[in-house]
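As they're listed, the protein sequences go chains A and B. If you use the working numbering, the first sequence corresponds to residues 253 to 346, in order. If you use the working numbering, the second sequence corresponds to residues 419 to 1148, in order. Glycine is no exception: its CB is placed at the ideal position from the N, C-alpha and C atoms. Just so we're clear, the structure is a prediction, and the values are computed from it rather than from any experiment.
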Amino acid sequence: MEVAGRWRKTSRSDCSAPYPELLELEPGGRYTGWNETPSVYHPLWDRGGWEPAGPDRLRISLANDAVREYVVEHDGDSLVFHDADGCRIEYTRS
Amino acid sequence: MSTHTGDGSAVLPAEPPYVPEATLPPLPDTIETEATIASGEDLAGLEAEVEDRIPLPRPLPVPVRPKSLRGGCYLMRYTPVQRAGALQSVHYDGTLRVDRLSRTNVTASGDLYVHQPLKIWPGHLPSRPVGLIRPSEPNPVLGIPIFARKNYRYYMRVTQILEGSTFANKFTLGFELHRFNHTTKAWTVEGPYTAKMVWSAAPPGYPSSGNYLHGEVKTAAGPAAGRLTIGWISKYLRKATLEIDRVSASEATLDNGAGIDWRDVYDAIGWDVMIDVSDADVTEPSGEFWSDAEMHATMLARRDAADLDREWRYHLICVRRLDSTERGIMYDAYGGDSNNIPREGAGISSHWTIPNTATWGKVRGMRFGAAAAPYFRTGVHEIGHAMGLYHNAVDNGFMHTTPDIAASAVPPVQFPDNILWAFSPEDRKRLRHLPDIWVRPGGISFGASYGTAPISPTDSVEEAEGLTLTVTPLLEAVPIGAPVRLDFTITNETEQALPIPASLSMKAGAVRGRVVDPSGAVRTFWPLVRCIEKDEIRELEKGASVTDSVTILRGAEGALFPAPGAYRVFVDLEWSLGEATIRLSGDAPVMVTPPVDESHAAAALRILTTPDALLTLALGGDHLEEGIEAIRTALEDEVLEPHYAYIEAKRVGKRFGKRKADVDAAAELLTEDTVMSARESRKAVELLESDEDVAGRDRNQDLIGVLTDRTTSVEKKKKGSRKRAKAKAR
């Protein structure tokens, strides 16, 4: 699963709103997430670490330093996260 | 103390008499004051400076003591003008924080809590109250007061303190009041207000008799809005308690092993924090590892006090290991906040083993609790989250992440020697000046954007001396529903190069602004900023100018130009330079004209009521369907079409996902009449020249020529306009 790189969120659902509009997954296991437009939410992923946790899972740290595991679907330029509450967060390679 | 009349209503307490404004600034009186006194050298310079502005008698009488607001916390009381027919008085108590960075530079903010009599209802079916209980007033002898969260009402965003070490006995305080809605967690701005604050003797109980002021509060239109009193009570800005509990096998983190402890950390940000090193025998509920829920439950069971309306108490628990992360966590957020009282506590892990790799420098392979410096740093970091701060990569300060700091060490310096034992300047300001309800435990939930909270502007530096900012609207009148395009130019009027932001794009973060509508209401627009902050700086050569543009439509409070009328747009540039923040402002008037027909009115309504229209304007892309639809509606109206043609051209002319860029379609939208800023014209030319189809590029050559010419002519026109504006200003 080659997911390092810059991703732009395409989901517009309410549940995906706390996730950053842009996500830069650095090859060394660090990431930066940020919003380009004003939002009522600080990005749930702002700065931290990420790592694969299996063939279809990623572990990512949150803005409060907790680490969460997500089921992911990766297909070329598309990366979809599924959080524990059933929210689907879609990103496209930017 | 208030006195009561027979009907239960209150009579306002006696306050110092109002001193009418004199024609000339009076010389300072000789009351004893502990106010900041300039040094002899500073005083000499100040006298010379003041003489330039106001004629002073010579020689200056002795003693001459310039007056300025003393840094620290003031007990504040705001009494609005009572509504006609109101049976009971309402006033607000709170604190004002004056953050004095130098003799003339100060940042200030405040918070107000309602002080309203409680109604006493009869024991049976209540029809009307039978009496009132008046809560006690805060006692200045007791220092910084703590108010109940439910009474929180206003953040005071201080915008102007014209005291600058004045020789007069008064100064003008400018401020906005941001009312907090406890249900929606949103802020509504009221004001702007001004108050002519007059120094007077403090009532009994205040620790500094010379640092008490009062003044009448007025609205921008002039009518009296109320009365404000402030009295100095502490050199600190805020007060809190940190309780540290631990399991027996874990160290209580108390310092960094090199002389910096909790008090030092919080003294540096102006917080008076009592450290309560408490239980050392906390029981492990399920072995070495702790879940977020277990830490939360232990905090509730073991902390020494729990009334967050009487004390800002944060809780840190030191345990062996954490379920959900390695080093530390502010668990009282997101799903971890089981009692729905946010940001009360955090936990750190003493028995995580630091990786045995070179990145971790001097502490590689160590047990975390035995590595005093990073262990303590993590404690401060997690309590920083409890105080409402997020990660901040601007430096190696407390809110950066530990692995990033470790990875950034450059030999021969090794981690943890490269830790910066301080909060970044921005975080320091946040801890001092964000609203109480943001930083105090049990306030606003963790996860809200900094952009949602008001904060006082920094007044830490002289306005960027030697630089001017000229703002020029592309069109002085725009039809309602259209975005407003402004050019702004920074000019270096000195004989030496001066630092300015490397990028003046909204995305770079230095540009923001305000729009004042015909009624005086203020709406703000923010930078489309990355949350990880870093100000890039470049030099502007002597005599040189640099111009950029903004296109604005919506801001934090919704549409910026929601109705026809005369507006004034302020563009504010702020950037960091070392410890200081530099500020530069300029403004220009803009007229918004009313709808000319039904089509225009309908299209304008659609634009003004569709928040995504701004996002489409700023981002482009195909994913904002409502925004695209609103802009299409505008394109179908002949009045608004020229104002939105570029926005749609930018969208269709760029690839999005699997859709290819359609430069021809973009070119179809652009004409000589298209309204574009200089920046947009340049971007349009770049867009048309990016066409991979040679035939397409050829077809668009005429249009490219027209736009290139127009960019040049726009520049020339703006230069002429700026010259005229400057000449007029002179």
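- For residue 1079 (chain B), the closest Cβ of chain A is not nearer than 8 Å.
- For the alpha helix (DSSP H) assignment, the region 609-644 of chain B encloses no uninterrupted run of at least 4 residues.
- Proximity of chain A to residue 747 (chain B) at the Cβ level (cut-off 7 Å) is accounted for by 316, 317 and 318, in chain order.
- Of all residues in the region 292-305 of chain A, only 292, 293, 294, 295, 296, 298, 299, 300 and 301 place a beta-carbon less than 9 Å from a beta-carbon of chain B.
- Between residue 734 (chain B) and residue 801 (chain B), the CB-CB gap stays under 8 Å.
- Contact check between the region 685-701 of chain B and the region 780-789 of chain B: fewer than three CB pairs, one atom from each, fall below 8 Å, which does not count as touching.
- The beta carbon of residue 313 (chain A) falls within 8 Å of a beta carbon belonging to chain B, placing the residue at that interface.
- Under the Cβ criterion of 8 Å, residue 866 (chain B) is counted among the residues facing chain A.
- Here residue 565 (chain B) has 531 as same chain residues with Cβ atoms under 6 Å from its own Cβ, once five neighbours each way along the sequence are excluded.
- Between residue 1101 (chain B) and chain A, the shortest Cβ-Cβ separation is not below 8 Å.
- For residue 919 (chain B), the closest C-alpha among the options B:1103, B:969 and B:908 is that of B:908.
- Note on geometry: alpha-carbon atoms of residue 761 (chain B) and residue 617 (chain B) lie some 39 Å from one another.
- Between residue 980 (chain B) and residue 1023 (chain B), the C-beta gap is not smaller than 8 Å, which leaves the two residues out of contact.
- For residue 321 (chain A), not one C-beta of chain B is nearer than 8 Å to its own C-beta.
- Residue-level contact check: residue 925 (chain B) touches chain A, since one or more beta carbons of chain A fall below 8 Å from its beta carbon.
- Residue 270 (chain A) reaches chain B at 865, counting residues in chain order whose Cβ is nearer than 8 Å.
- A residue is called buried when at least 16 other Cβ atoms come within 10 angstroms of its Cβ; residue 723 (chain B) does not meet this threshold and is exposed.
- Comparing C-alpha distances from residue 529 (chain B) to each of B:509, B:826 and B:519 shows the shortest one belongs to B:509.
- Residue pairing for residue 755 (chain B): DSSP places it in no beta bridge.
- Contact note: residue 944 (chain B) reaches chain A through 290, using a C-beta cutoff of 8 Å and chain order.
- Residue 916 (chain B) has B:958 as its beta-bridge partners, per DSSP.
- By the neighbour-count criterion, in which 16 or more other beta carbons inside 10 Å mark a residue as buried, residue 524 (chain B) falls on the buried side.
- Scanning the region 701-783 of chain B from its first residue to its last, the whole beta strand (DSSP E) runs of 3-plus residues come out as 731-737 and 763-767.
- From the beta-carbon of residue 282 (chain A), the residues of chain B found nearer than 9 Å are 819, 821, 822 and 825.
- By the 16-neighbour rule on beta-carbons within 10 angstroms, residue 647 (chain B) is buried.
- Nearest CB-CB separation between residue 793 (chain B) and chain A: not below the 8 Å threshold.
- At least 8 Å separates the beta-carbon of residue 944 (chain B) from that of residue 932 (chain B).
- Residue contact check for residue 967 (chain B) against chain A: no CB pair falls below 8 Å.
- Taking all protein chains shown into account, residue 829 (chain B) has fewer than 16 neighbouring C-beta atoms within 10 Å of its C-beta and is therefore exposed.
- Scanning its chain for C-beta atoms nearer than 6 Å, with the 5 sequence neighbours on each side dropped, one finds around residue 1008 (chain B) the residues 891, 902, 985 and 987, in chain order.
- A residue is called buried once 16 or more other Cβ atoms fall within 10 Å of its Cβ, and residue 925 (chain B), having fewer, is exposed.
- Taking a C-beta distance under 8 Å as the contact criterion, residue 989 (chain B) and residue 1010 (chain B) do not qualify as a contact pair.
- A contact between stretches requires three or more CB pairs, one per stretch, nearer than 8 Å, and the region 784-797 of chain B fails this requirement with the region 706-720 of chain B.
- For residue 299 (chain A) and residue 317 (chain A), the gap between their C-alpha atoms comes out near 9 Å.
- Taking the beta carbon of residue 789 (chain B) as reference, no residue of chain A falls within 8 Å; the closest one sits roughly 17 Å away.
- Exclusion of the five residues before and after residue 1118 (chain B) leaves 1085 and 1106 as the residues of its chain whose Cβ lies within less than 6 Å of its Cβ.
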